[in-house]
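Here the structure comes first, spelled out in structure tokens, and everything after it is commentary.
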Amino acid sequence: MSDIERTTTQLPEPSAPAWEYAPAPESKEIVRLRDRYDLFVDGRSIEPKTGRYFETIDPAHEEPLAEVAEAGEEDVDLAARAAREAWETRWRDLPGKERAKYLYRIARALQERSREFAVLESMNNGKPIKESRDVDVPLAAAHFFYYAGWADKLEYAFPGRSPRPLGVAAQITPWNFPLLMCAWKLAPALATGNTAILKPASTTPLTALLLAEVMEQAELPPGVVNVITGPGGKTGGWLAAHPDIAKIAFTGSTEIGKVLRRNVAGTGKRLTLELGGKAANIIFEDAPIDQAIEGIVNGIFFNQGEVCCAGSRLFVQESVADVVVDKLKSRLSTLRVGDPLDKNTDVGAINNRDQLEKIAELVQSGIEEGAEIFQPECVLPERGFWFRPTLFTNVSQSHRIAREEIFGPVLSILTFRTPDEAVEKANNTEYGLSAGIWTDKGSRILWMAERMKAGVVWANTFNRFDPASPFGGYKESGFGREGGRHGLEPYLDLDGGAV
Ligand code: NAP
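Residues 1299 to 1797 (my numbering) are what the sequence shown spells out, left to right.
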């Protein structure tokens, strides 16, 4: 053994610095929770005709936050009639520049009340405050700003056509981005001259109901936006089936998307579906590996992995697989899991017990089918719905964890040798919402992007959203686009035949 080798081997192993984070809790004081929330119809709160309310909870503590109205068929009808009347008498013929003023007001009110929205979103959804504060709420405001800009320029967006609004839009949203999904749907609907009825997910209705307050604050004409709450199978079903509805915008599971598509067939109603995903995040050997590690972590652990476009299948070129897996394991060990309202938290609570059970069941199937699990050591709170950041190696394409949407903080790692193999494996899924490509070569990015069957392809980044950029799926991930100029189209009759 040479002197140098001897010296090197005798050096003590560098010990990892023990970073301790002091708690940095965001105060809840800014949120004024009501004991009970009614329906928002025709510009005011009304008690449900059913007389029934259901509880919404804080998933991080399993404690009730408030009671929320359960809308029955009669309530759905009231909302539909209010929205229809508002469309015919107060909104449809308002000049675009006047509609834009309301949208700007809503955007500004969201900004002014951003902390209140962020805290409430984290309380009701379980997502880390740094995400609701830095992503959900600013992006929601940005969507209203962006579409305000289009409201008086529809003729320029579709030259040579005669864009006309459709009427009343039913907008059914999921629990993973409760406020942001409302903004994605409401902003283009209002900008194009439609009125809307929002049906938020039952586990996360509170920011949609706070948004109703913003509509009042912005002095939006009554009935232009209505918010009704209640179980999807009933309230959502009645809403979608109501004859006054001209357009349905749905974000949620592929299963319910199929139900809606069947029910809407032959009715003449327009439909857009944003459904599930099983995105491929592809790392080539020439990628900037440390940046890619951050992109992988953001791709699957952002919002606890409860993201339809999450990078849940990682494809790593074989030559760098070991180094990527090692680095990922050590990065996972630094993620802080816990109180969503702590500003240092990286991974918050799972939104609801059913979802937690679904994640646990799929992870168990991964173990039983022979994949190798890694979870970092971390102490989980005693109450609430929690799941450790998880990765699987030794995954084969036939495993359920490589095929089914887990919708949780679970990454399945596979390998490839050539770009052709990467394309083939990445596209071998029934979904097609998003994909990520990490490489130093611009030409390879373009080559890959052309071949990916995915609505969004990110290059050397992941989970980047912008109101100017269209978002939507292929195959079982749905159809139609939200965002950008494309996002106006589903709310318009471009040949003027709708009215
Ligand atoms: P979901 O059942 O599809 O619910 C989405 C929305 O649709 C909710 O507002 C729901 O109301 C409503 N709904 C349910 N059944 C309906 C029906 N028959 N007619 C009309 N509306 C109906 O999705 P989820 O329970 O929130 O999540 C289940 C799975 O969907 C997840 O595990 C995940 O795989 C996927 N998901 C995907 C996305 C996405 O962005 N692509 C988002 C969330 C979930 P209720 O809340 O009252 O049931």
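Beta carbons are placed, not taken as given, at the ideal position from N, Cα and C, and that holds for glycine.
What is the C-beta distance between Thr1471 and Pro1498, in whole angstroms, given that I count them as a contact (C-beta under 8 Å)? Confirmed, about 5 Å.
Leu1731 vs Ala1752 beta-carbon contact at 9 Å: Yes, Cβ-Cβ distance for Leu1731 and Ala1752 is below 9 Å.
Closer than 9 Å to chain E by CB, Ala1700: This model lacks chain E altogether, as it is built from one protein chain only.
Name the two residues that bound the continuous beta strand (DSSP E) containing Phe1798. The shown model of the chain, from 1299 to 1797, leaves out residue 1798, and the question about it has no answer.
Does the beta-carbon of Asp1652 have 16 or more other beta-carbons within 10 angstroms, so that it is buried, or is it exposed? Exposed, since its Cβ has fewer than 16 Cβ neighbours within 10 Å.
Expected contact under 8 Å - CB spacing of Ala1367 and Leu1401 to nearest Å: With 8 Å as the limit, Ala1367 and Leu1401 do not qualify as a contact, their Cβ atoms being about 27 Å apart.
Using only alpha-carbon positions, find the residue among Lys1395, Leu1452 and Pro1476 that is nearest to Val1433. When each option's Cα is compared against that of Val1433, the closest is Pro1476.
Compute every distance between the C-beta of Trp1482 and the non-hydrogen atoms of the ligand NAP, then say whether any falls below 8 Å. No - the ligand NAP has no heavy atom lying nearer than 8 Å to the Cβ of Trp1482.
Whole angstroms are fine: how far does the CA of Trp1482 sit from the CA of Ala1563? Rounded to the nearest whole angstrom, the CA to CA distance from Ala1563 to Trp1482 is 24 Å.
For a test of your reading of the model: does the CB of Gln1653 fall under 8 Å from any non-hydrogen atom of the ligand NAP? Yes or no. Remark: the C-beta of Gln1653 is in contact range of the ligand NAP, defined as less than 8 Å to any heavy atom.
Can you find the residues in the same chain that come closer than 8 Å, C-beta to C-beta, to Thr1305, ignoring five residues on each side of it along the sequence? Because the pLDDT at Thr1305 is just 40, under 50, the model does not fix this residue reliably, and the value given afterwards should be weighed accordingly. Hits under 8 Å: none found.
Which of the three DSSP states, helix, strand or coil, is assigned to Lys1723? Reduced to three states, the DSSP call for Lys1723 is helix.
Once you ignore the five residues that flank Ile1735 on each side, which residues in its own chain have a CB closer than 6 Å to its CB? Cβ neighbours of Ile1735 beyond the five flanking positions: Ile1580, Ile1743, Met1746 and Ala1757.
Going by alpha carbons, who is nearest to Pro1503 out of Gly1706, Ala1398 and Asn1474? Per the Cα distances, Asn1474.
Residues that DSSP places opposite Asp1640 in a beta bridge: Pro1323.
Is Pro1541 near Asp1340, with beta carbons less than 9 Å apart? Cβ atoms of Pro1541 and Asp1340: not closer than 9 Å.
Measuring straight from C-alpha to C-alpha, what distance separates Glu1324 and Glu1774? The alpha-carbon atoms of Glu1324 and Glu1774 are separated by roughly 39 Å.
What separation, rounded to the nearest whole angstrom, lies between the Cα atoms of Ala1322 and Asn1642? So the alpha carbons of these two residues sit roughly 7 Å apart.
Of all the options Ala1381, Gly1458, Pro1357 and Asp1373, which has the alpha carbon lying nearest to the alpha carbon of Leu1792? Nearest C-alpha to Leu1792: Gly1458.
Let me check you understand the geometry: is the CB of Leu1475 closer than 8 Å to at least one non-hydrogen atom of the ligand NAP? For the sequence presented, residue 1475 should be read as Phe rather than Leu. Answer for Phe1475: yes, Cβ within range of the ligand NAP.
Quick check: what's the CA-CA separation for Ile1671 versus Ile1699? Roughly 11 Å between the two C-alpha positions.
Is there contact here, the segment 1765-1785 with the segment 1609-1621, by at least three beta-carbon pairs under 8 Å? Contact between the segment 1765-1785 and the segment 1609-1621 is absent, because fewer than three Cβ pairs lie under 8 Å.
CB-CB under 8 Å to Thr1354, same chain, minus the five flanking residues each way: which ones, in chain order? If we look at Thr1354 and ignore the five residues flanking it on each side, its Cβ neighbours are Pro1362, Leu1363, Ala1364, Glu1365, Val1366, Asn1422, Ser1500, Thr1501, Thr1502, Pro1503 and Leu1504.
DSSP state of Phe1357 mapped onto helix, strand, coil: The identity of residue 1357 in the sequence shown is Pro, whereas the question assumes Phe. It is coil, neither helix nor strand.
Helix, strand or coil at Ala1494 according to DSSP, with G and I counted as helix: DSSP places Ala1494 in strand when its eight states are reduced to three.
Does DSSP classify Tyr1729 as helix, strand or coil? Here Tyr1729 sits in coil by DSSP.
Delimiting residues of the beta strand (DSSP E) encompassing Ala1544: Run containing Ala1544: Ile1543 to Thr1549, per the beta strand (DSSP E) assignment.
Sufficient close CB pairs (3 or more, under 8 Å) joining the segment 1563-1579 to the segment 1535-1549: Taking 8 Å as the limit for Cβ pairs, the verdict is that the segment 1535-1549 does touch the segment 1563-1579.
Does any heavy atom of the ligand PLP sit closer than 8 Å to the C-beta of Val1557? Inclusion of the ligand PLP in the displayed structure is not the case, the ligand content consisting of the ligand NAP alone.
CB Gly1535 to CB Phe1352, shorter than 9 Å? No.
Looking at Cys1676 and the ligand NAP, is the gap between the Cβ and the nearest heavy atom below 8 Å? The beta carbon of Cys1676 sits no closer than 8 Å to any heavy atom of the ligand NAP.
Please indicate yes or no: does the CB of Ala1658 lie closer than 8 Å to some heavy atom of the ligand NAP? Result no, Cβ not under 8 Å from the ligand NAP.
Own chain partners of Val1797 with C-beta closer than 6 Å, once the 5 adjacent residues on each side are dropped: Since pLDDT at Val1797 reaches only 42, below the 50 mark, its modelled position is unreliable, and the value read off the structure follows with that caveat. Arg1462.
I'd like the list of long-range same chain contacts for Ile1344, defined as Cβ closer than 6 Å, with 5 residues on each side in sequence excluded. Once the five neighbours on either side are set aside, the close Cβ partners of Ile1344 are Asp1336 and Leu1337.
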